[in-house]
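Asker: Heads up: the protein sequence lines correspond to chains A and B, in order.
Position 367 of the first sequence, counted from 1, bears residue number 367 in the numbering used here, the numbering being contiguous throughout.
Position 541 of the second sequence, counted from 1, bears residue number 541 in the numbering used here, the numbering being contiguous throughout.
The beta carbon of each residue, even a glycine, is placed where N, CA and C say it ideally should be.
Take a look at the following structure, please.
There are 2 protein chains.
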Amino acid sequence: MDEVGKAPSHQSHLLAQERKRRSFDLEELTIFLNGGADSYKAKNEMEAIVLKDPILRQDDLHFLSHEEEYRFSLQRSKRAIELLRELKLEWGSAKANKFWQAAESESFPVGLNLHMFTHALASQGTKEQVDFWVPLAKDFRIIGCYAQTELGHGSFLRGLETRAEYDQTTQEFILNTPTLTSMKWWPGSLGKTATHALVIARLYMAGRERGIHMFIMQLRDMETHQPLPGITVGNIGPRVGYNPNDNGFLGLKNVRIPRMHMLMRFAEVTPDGRYASLTRAAKPSYGTMVWIRAGLVTSRAVKLSKAVTIAIRYSAVRQQGHIDDKAGEVAVLDYVSQQHLLFPLLATSLAYLHVGRWLYAEYVRYRPDNAMQAAEMHANSSTLKALSAYVATKGIETCRRACGGHGYSRFSGLPHIYKYATAAETYEGEAMVLHLQTGRFLMKALRLFKSGQTLTGTIKYLSHWLTVVSDTSPIVPAGKSLADLFVLSNVFECAAARLIALAGRKLEHFLEQDGLSKEQAMNRAAPWLVRASEAHGEALFLVRFASIGDAKLSRPAREMLKGCALLYGLWRIEENTMFFMETGTLTPGNIQSAREHISELLALLRPDVVSLVDAFDHPDEVLHSALGAYDGDVYKRMYDYAKREPLNKTEVADGIHEYLKPLMKSKV
Amino acid sequence: MDEVGKAPSHQSHLLAQERKRRSFDLEELTIFLNGGADSYKAKNEMEAIVLKDPILRQDDLHFLSHEEEYRFSLQRSKRAIELLRELKLEWGSAKANKFWQAAESESFPVGLNLHMFTHALASQGTKEQVDFWVPLAKDFRIIGCYAQTELGHGSFLRGLETRAEYDQTTQEFILNTPTLTSMKWWPGSLGKTATHALVIARLYMAGRERGIHMFIMQLRDMETHQPLPGITVGNIGPRVGYNPNDNGFLGLKNVRIPRMHMLMRFAEVTPDGRYASLTRAAKPSYGTMVWIRAGLVTSRAVKLSKAVTIAIRYSAVRQQGHIDDKAGEVAVLDYVSQQHLLFPLLATSLAYLHVGRWLYAEYVRYRPDNAMQAAEMHANSSTLKALSAYVATKGIETCRRACGGHGYSRFSGLPHIYKYATAAETYEGEAMVLHLQTGRFLMKALRLFKSGQTLTGTIKYLSHWLTVVSDTSPIVPAGKSLADLFVLSNVFECAAARLIALAGRKLEHFLEQDGLSKEQAMNRAAPWLVRASEAHGEALFLVRFASIGDAKLSRPAREMLKGCALLYGLWRIEENTMFFMETGTLTPGNIQSAREHISELLALLRPDVVSLVDAFDHPDEVLHSALGAYDGDVYKRMYDYAKREPLNKTEVADGIHEYLKPLMKSKV
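Below, the structure is given as structure tokens:
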């Protein structure tokens, strides 16, 4: 059977035919989706370097054990940094970022040294501390990590138990994790890699607690890499994904570090044991968080678009069953049920790409001195992160299921995308926690509106809709179609405004009628607050994505993208009907017509979808997918991958003669 | 830190406190949920044997590579069969089944030999064939597998390409997989284990095609286990889960087998090359399929209940943040948002357990000579399987996310449950395919109703609701609460009836107004047909689960279960609002009050939930979860597991001196 596949396969032919059907200019859209000509050029250049490098390209991705993954990513880290230096790319430059993105793929165990460790140092250290430590980290003279989370304590800082006691006699801090629950747990790079850690601990001075501070601690001998005395450190074991990232645990028993290893930008411990909180202390800034979340929305777009690329290419070449008996087997992409699964997810990738960029632009515009604006941006980034992480992960799973049995094979590449994507549902804030934060902001906005203040920015719609129509009446004018981005935008914002008002009424009820404390009332009202935050997030996504119609693109591409925005909006209505029903914003007739419009849009987009996923421009070596490669030669790739399965190295597997044969001959 | 955990931990104490709060008799409910006293006793007895066996208990579950998983499951298979013989358990007996369930855990590479291989043989072979082959398989003299699916062809039988040509001169069949896409792909046990396969191939006799038949083929030498000439066989590589199951590929090049190796119960090839389709041929029976699907609904219940057990126990001991500042950190289970995630899933486990049993009872009652009844049961089993596989897998993921970061660790046990659970979303029929099958049946029922026939059984509601109220008016009488199982049952059935009618109108439209062929119209109407099938399935689940109020249990347990049924129904309305909105069955006010009722039910069930998951009775050794063990000692278990991580065998990991140290010393 090996000889098959030398001539272009039937599958490749089918995909080539699909590509002839597109309505738009492929190059123009590819450049647009990849952030413009310069960005696209840099990506191509750096990706080419990485993907032809025999160490950096990850040919064996699907076959590695946890230990092998770790070892291999050390090797790849080393190679990436060597190349970075060879190419004389300056860390932080646009090209270096593209290079690192392509090389790191998911996570190097030395990556956090460059990101979180230096970032926290730079923001919390004195000038002297920054000047001393940051260059060491950037040159990889030390490998740092950021150790905050504990086994029993997550994002709730006040719960942390790790202790740092100041010993005035030796001018040292003595660090301890006095309980099992206080062990540091989860920090990336901590397990087997880092030589140093920024340890977040509660400071005690002469028995008095002085709050949470950061301490630089050497963990391992610089020559032997053995843990230093008093330090228990190791890898926390296998996770769903991110195994190369070396998440670790850390136990401390009377570990002493010099006084100057406390980061002292905002608070000082003097040699003689005085504590001073310094006036140069800034308010905690939301900036970094918003920046990280903008990145997360964009990377959700990228991950989902990879999954959609795989599922759409495979669906175009996978043939099964008949629609018309005479026409032979049809591509599963011609089944409307399959289109209904996949095309909305394609549109969602575009939505997240577009809105991720918008959120990043908001972050750039952001001025921390405007408290309401800061709170608004933080709230927006919270709900957008929570929603996009959830919908993208669910969408990746839908893509996997849409590939049938083969999707369940790791060779589809989809399980790999999923296992990294789903991590973002919990890291940087679990969805419920984030929605409740946004809910708090929305309640604040509602109070401002009720007190007669003018709301601006992204929350302006609240005052508009609560003023214009304060009841639950339907808002789509008779004769108006839902397949209209202006109408859809109104529908989403109106539903959100009404759900915010409803949550406000519930909260008031719990406070006033039931006499609960504020926190108890917030807890009881949680389901309403979460729903309000979700509706606000859905409105943000739809309304910003709707502006894609203004993109500087030639008409066919623009029209196609507008079709995607419509499909996205109508599909979100399908997925969240409750928002629109509970608030009376839409009627049963509206919902029925939404379904009709979706049907029409699926047919409209059908000829373009294969080219549209081409425009995301994910190289085969990045997708690692037998099903999603550019040439469509899926069956040859499945077989080629299977030949490399370690169990197939020998015809008779290990264990057969030891266990199976005796069983087959044993007495019955 | 190791000394911690010798005294009962704080976490264990919290869980013990929870157990004091229950309203019902634990033993009574445990026996009820485990299928009655006899079944529960057998489970306990067999589980005890398996879980104390050093080979069968799977202590290293979280640390195995693909090759190790396979080798280990061969060892475990051998041990299980030895024990089965030692205990003199007869294969197929209730006790043997309980034993096998406990021992196999997920999948032995020899399991299909006992199930699919012998079953297909028994149903398709002549008496002589059955008498010869089945005992060989049951005694493990041969290891058989069932080879149907091909690399390019799934459930669509007509697409299969494997050929069997009859050679009259030697009285043999010559089998070939002439193309890459015709290679057998996916059959369990095929890769490295099976010595024999039932190969499904298209028969050709003197150039004439004679349809699909089954052939017994020896694959490997019985002594050396080497593949026989002309046979290419191997493992298809890593999948999301089921890796011990040894799914394989098979290529055939002029493999000759004796004439009598074709299964000839329903068709005969005579020595001189005549083909006869025999009159004793039965119509294809849906029986086995319904039986498998009833089992799948039940096993969805079991898998989801494991995940819920883990998440609820962990949420009861995980403390984070404050609700009341004075009260100290609270268990995350006290957050209403967390309750809203988990309690409906607990109710869903109960629903699936109950309805799985109902479906099995239906299968037992089933008479294949009643065509309409057979079609109804097949349609019901299709939508129930599709819905439960989807909702349970999604629910398991919700449980994982509800455990925050620790859920992402494999030590939570949740990723293991997920990776097996999600397989059922595609095997035995992908959801869209199943819903479209059910959709076809519902259209048939609708036509019967319109032609004036009386509908009976589970579809009777269709005629009732289309007769009583044929419009889209709301059906909950003013003043009636939605928190009433009778009202809820009506709401679900009415919405389903209306969605079936709507799908019928769409289909008619495509047929008559657009002039499409029947198959084209079915394809265009797919979104409506799928929705109708889903609504029918939701109604089946709710209405059957609602009968739990009649269970023979003392009052407190019954009341609690009725609360679960209410919560389940109201939650499904939240999740599927579109069904009720599009059909006008519920009003915005109904939806708002559904939310209120859910809130009340969460509070009502809160004291019982920890005991309720105890009643599922999943032993720690089955959960394999650091977070979900009975004693609540989660942090100690996380640490104990982590110490066993292979990377922690040495303080300095492999690769550090080779890659990291040179990097740290290299020229900048």
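1. Under the rule that 16 or more other beta-carbon atoms within 10 Å means buried, what is B:Leu151, buried or exposed?
2. Any contact of the segment 522-534 of chain A with the segment 429-445 of chain A, i.e. 3+ C-beta pairs under 8 angstroms?
3. Does the segment 161-171 of chain B come into contact with the segment 316-331 of chain A, if we say contact requires no fewer than three beta-carbon pairs (one atom in each stretch) closer than 8 angstroms?
4. Keeping to the same chain, check which residues put their C-beta closer than 7 angstroms to that of B:Ile396; ignore five residues upstream and five downstream.
5. Whose C-alpha, out of A:Ala629, A:Asp654, A:Glu621, is nearest the C-alpha of A:Ile49?
6. In its own chain, which residues sit with a C-beta less than 6 angstroms from the C-beta of B:Thr162, not counting the 5 before and 5 after it?
7. As a quick exercise: from A:Gln339, A:Leu466, A:Glu645, A:Lys385, pick the residue whose alpha carbon is nearest that of A:Tyr360.
8. If we ignore side chains and look at the alpha-carbon of each, how far apart do A:Ser155 and B:Phe140 end up?
9. Here's a check: name, in chain order, each residue in its chain whose Cβ is nearer than 7 angstroms to the Cβ of B:Ala281, leaving out the five neighbours to either side.
10. Ignoring anything shorter than 3 residues, give me the beta strand (DSSP E) runs that lie fully in the segment 516-569 of chain A, in order along the chain.
11. Can you tell which of A:Trp133, A:Arg239, A:Leu157 has the C-alpha that lies nearest to the C-alpha of A:Leu196?
12. So A:Ala276 is in the beta strand (DSSP E); what residue range does that whole segment cover?
13. Does A:Lys192 have its Cβ less than 8 angstroms from a Cβ in chain B?
14. Does the beta carbon of A:Tyr286 come closer than 8 angstroms to any beta carbon on chain B?
15. How is B:Ala203 classed by DSSP in three states: helix, strand or coil?
16. Hey, out of B:Ser463, B:Asp550, B:Ile257, B:Glu658, whose CA is closest to B:Ser451's CA?
17. Can you name the start and end residues of the beta strand (DSSP E) that A:Gln218 belongs to?
18. Can you name, in chain order, every residue of its own chain whose Cβ lies under 6 angstroms from the Cβ of A:Lys667, other than the five neighbours on each side?
19. Please list, in chain order, the residues of the segment 336-350 of chain A that have any C-beta partner in chain B closer than 8 angstroms.
20. Tell me the DSSP secondary structure of B:Lys253 in three-state form.
21. Answer with buried or exposed for B:Ser189, where buried requires no fewer than 16 other C-beta atoms within 10 angstroms of its C-beta.
22. So which residues of chain A does B:Gly188 contact, with C-beta pairs closer than 8 angstroms?
23. Thinking C-beta only, is B:Ala539 closer than 8 angstroms to B:Glu575?
24. Quick one: what's got a C-beta closer than 8 angstroms to A:Gly234's C-beta in the same chain, skipping five residues either side?
25. A:Val269 lies in the beta strand (DSSP E); which residues open and close that run?
26. What residues in the segment 45-62 of chain B have a beta carbon less than 7 angstroms from any beta carbon of chain A?
27. Are there 16 or more other CB atoms within 10 angstroms of the CB of B:Ala371, so buried, or fewer, so exposed?
28. Nearest CA to the CA of A:Ala206: which residue from A:Val610, A:Leu84, A:Arg71, A:Val269?
29. Take A:Lys283 and list the residues in its own chain whose beta-carbon comes closer than 6 angstroms to its own, dropping the five residues that flank it on each side.
30. Identify, in the order they occur along the chain, each residue of the same chain with its Cβ nearer than 7 angstroms to the Cβ of B:Gly356, setting aside the five sequence neighbours on each side.
31. Given a threshold of 16 other Cβ atoms within 10 Å of its Cβ, counted over all protein chains shown, does B:Glu3 qualify as buried or as exposed?
32. Tell me where the beta strand (DSSP E) around B:Arg163 begins and ends.
33. Which residues in chain A have a C-beta closer than 7 angstroms to the C-beta of B:Asn523? List them in chain order.
34. Between the beta-carbon of B:Pro227 and the beta-carbon of B:Gly287, is there less than 8 angstroms?
35. In this structure, does DSSP put A:Ile31 in helix, strand or coil?
36. Distance check for B:Ala629 and B:Leu61, CA to CA, integer angstroms please.
Answerer: Taking the structure as given:
1. buried
2. yes
3. no
4. Lys303, Leu304, Ala307, Leu414, Ile417, Tyr418, Ala421
5. A:Glu621
6. Thr177, Ser182, Ala201
7. A:Lys385
8. 55 angstroms
9. For B:Ala281, the pLDDT reaches just 47, beneath the cut-off of 50, and the residue's location in the model is therefore unreliable, leaving the point undetermined.
10. none
11. Looking at the sequence itself, residue 196 of chain A is His, so the reference to Leu does not match. Closest option to A:His196, Cα to Cα, is A:Trp133.
12. 275-277
13. yes
14. no
15. One detail in the question is off: residue 203 of chain B reads as Leu in this sequence, not Ala. Strand.
16. B:Ser463
17. 208-218
18. none
19. Val336, Ser337, Gln338, His340, Leu341
20. coil
21. buried
22. The premise fails here: B:Gly188 is roughly 12 angstroms from chain A at the closest Cβ pair, so nothing lies under 8 angstroms.
23. no
24. Gly191, Lys192, Gly248, Phe249
25. 267-269
26. His62
27. exposed
28. A:Val269
29. Note that A:Lys283 scores a pLDDT of 48, beneath 50, so its modelled location is shaky; the value from the coordinates is reported in the next line. There are no such residues.
30. Ala294, Val297, Thr298, Ala301
31. Unreliable positioning characterises B:Glu3 in this predicted model, as indicated by a pLDDT of 44, which lies under 50. The coordinate reading is nonetheless provided below. Classification of B:Glu3: exposed, given that the 10 Å Cβ count is below 16.
32. 163-167
33. Ile323, Tyr335, Val336
34. no
35. helix
36. 16 angstroms
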